[in-house]
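Residue numbers (the numbering used here): 271 to 695. No residue lacks a Cβ here, since even glycine has one placed at the ideal position from N, Cα and C.
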C-alpha cells in the first residue's frame, strides 16, 4: 500500500512538473497574452526574418511575428499585435521588411496610409506588402548591398563601425551645429540653383570643347618641350644675343636722344602727305586690284615673245607755247575708281583740269574726250591689202620677198604712204 502511494506521488509530481513546464513554455510563447492576429502577404521575405521578430509602427514595437509560411511563389507572415496598439493602426496600412542594423535581422515595419482610414485593424485582416517606388528602391539597395556585405569580413566592418561610434561619441552638439550651418548654407544656395544648373550645363559644353582641343593642346605641349630643350641647349647663344641686344638698345637710345627733334620734325613734315593718302584711301583697293588684272593683260601683250598691239598713228604735236601749255593743278575732285578694276574697253576718256583743257590741239576734233590725245587717223591700218602693197614696195629695198616683210615695216611705212608720218619718243 505504501509502495503504491509513493508511485502515485511520483506520478503526480511528474504531471505537475510537466504542467509547470508547459505553463512556462506557453507563458514564454505568450499563449496567455491577448493578441490581435493579422497576416501579411508578400512575394518574398528573405532569410533574415525570423519567428519572434518585432513588429513596429513608426519605431514603436506593437507586436511580434508568430509564424512564417511559404508556398514557393508567395509568403504569409502571421503577426500578433497588442490589442491596445492594434486599435491605433489603420486598416489600410502596408508592411515593409526592414533590417534592424547593417548585419541584423529584419523586422516588420507597418506604414499607415497618409489619409486616415475609417477603422483600425481587426483579427483576421490581411496587410499587403508596400510596393511603392520608395519601398522597391529600398529593397533594391539592400539586395545590391548584400553581396558586398557577404564579401566583407563582418568582424572588421563591426570594428570600423565601433571606431566610428567611439569617434562620434560626445560630439552630438558639434555635429548638430554643423548640420544647422549646412542647412543655413543650403537655404542660401537654393535661390541660386537655376544659375548653378546653367553653369554646370555650360561647364559640360566647355568640357566638350576642351575634349576636342586636347590633341592639339598635347601636340603644343610636346612642341613646347622641344622648344624648352632647344632653349636649354642654346642657352649660351641666347645669352650672347641678349647681351648684344642690350648694347643695341644703348646705341638706339643715344641715337634717339641725339635726333629726337629731327624725328619729331619728320612726323610734322610727313603729316600732310599721310593726310592726303588717307583722303584717297578708298580708291586703293580697286587700284591694286586693277594693277593685278593689268599684269595679266600685259602678259598677254607679250605672249610667246611677240608684241600683240594695235597701233594708231597721231599727228605731230606742236611745240611748247608759254602761257598756253604751262601746267596747272586746278582739279580738286575726291577719290574715285573710274572703272577700276574692270575699266571699259575702249576707255571713254576723262577731262582733267591741268591747264590743257583750253588747248586747241587737245580739244579740236577729238572724239575721245581725253586731253592730250588727238583723233586717230580714221583708217584701220595693217590690213591684208595694205601689207601686200607695202610689202611689194619695200620688199626689194630690204632684200626680202613681199610676204616676208615684217609687220613693223607695214606699221611704219604705211602712214607715210598715206601722207602722214610716224613719230616716236
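| query | Name the DSSP beta bridge partners of residue 377, please? | reply | Counting from one through the chain shown, the residue named residue 377 turns up at place 107. Residue 377 is bridged to 368.
| message | For residue 326, which residues in the same chain have their Cβ closer than 8 Å to its Cβ, ignoring the five residues on either side in sequence? | response | Here residue 326 corresponds to residue number 56 of the chain shown, with the count starting at 1. Closer than 8 Å at Cβ, skipping near neighbours: 332, 377, 378, 379 and 380.
| request: Would you kindly work out how many angstroms separate the C-alpha atoms of residue 528 and residue 534, rounded to a whole number? | output: Here the question's residue 528 lines up with position 258 in the chain shown. Here the question's residue 534 lines up with position 264 in the chain shown. Distance between the alpha carbons of residue 528 and residue 534: 12 Å.
| Proximity below 8 Å, CB of residue 393 to CB of residue 363 | Start at 1 with the first residue of the chain shown, and residue 393 comes out as number 123. Start at 1 with the first residue of the chain shown, and residue 363 comes out as number 93. No. Outside cutoff.
| field | DSSP three-state assignment for residue 344, whether helix, strand or coil | value | The residue given as residue 344 occupies position 74 in the chain shown. Note: residue 344 maps to coil in three-state DSSP.
| DSSP three-state assignment for residue 495, whether helix, strand or coil | Mapped onto the chain shown, residue 495 falls at position 225. Reduced to three states, the DSSP call for residue 495 is helix.
| Could you give the residue range of the beta strand (DSSP E) that holds residue 398? | Along the chain shown, read from residue 1 onward, the residue named residue 398 stands at position 128. Segment 396 to 398, the beta strand (DSSP E) holding residue 398.
| Helix, strand or coil for residue 449 per DSSP? | Locating residue 449 in the chain shown gives position 179, counting from the first residue. DSSP places residue 449 in helix when its eight states are reduced to three.
| Of all the alpha helix (DSSP H) runs that stay within the bounds of the stretch 529 to 576, which reach a length of 4 or more residues? | 530 to 549 and 554 to 571
| task | Would you mind reading off the limits of the beta strand (DSSP E) that contains residue 326? | result | Numbered from its first residue, the chain shown carries residue 326 at position 56. Counting along the chain, the beta strand (DSSP E) containing residue 326 begins and ends at 324 to 327.
| DSSP on residue 281, reduced to helix/strand/coil? | Here residue 281 refers to the residue found at position 11 of the chain shown. Looking at residue 281 - three-state DSSP - the assignment turns out to be helix.
| Using DSSP with H/G/I as helix, E/B as strand and the rest coil, what is residue 596? | Taking the first residue of the chain shown as position 1, residue 596 is located at position 326. Residue 596 falls in the coil class under three-state DSSP.
| field | 7 Å CB neighbourhood of residue 315 in its chain, flanking five on each side removed | value | Along the chain shown, one-based indexing puts residue 315 at 45. So the list reads 338, 345, 347 and 367, once near-sequence residues are dropped.
| field | Residues of its chain near residue 606, where Cβ-Cβ distance is below 8 Å and the 5 sequence neighbours each way are ignored | value | Here residue 606 refers to the residue found at position 336 when the chain shown is read from its first residue. For residue 606, where only same-chain residues beyond five positions count, the Cβ hits under 8 Å are 553.
| query | Do the CB positions of residue 350 and residue 400 come within less than 8 Å of each other? | reply | Against the chain shown, residue 350 aligns to sequence position 80. Against the chain shown, residue 400 aligns to sequence position 130. No. Outside cutoff.
| query | Roughly how far, in whole angstroms, is the beta-carbon of residue 318 from the beta-carbon of residue 369, given that I think they are within contact range, below 8 Å? | reply | Reading the chain shown from its first residue, position 48 is the one you call residue 318. Reading the chain shown from its first residue, position 99 is the one you call residue 369. With a Cβ gap of about 7 Å, residue 318 and residue 369 count as contacting.
| request: To the nearest angstrom, report how far apart residue 424 and residue 467 are at their CA atoms. | output: Reading the chain shown from its first residue, position 154 is the one you call residue 424. Reading the chain shown from its first residue, position 197 is the one you call residue 467. Spanning the two alpha carbons is a distance of roughly 41 Å.
| What first and last residue would you give for the beta strand (DSSP E) that runs through residue 312? | Translated into the one-based positions of the chain shown, residue 312 becomes position 42. Taken as a continuous stretch (DSSP letters only), the beta strand (DSSP E) holding residue 312 covers 306 to 312.
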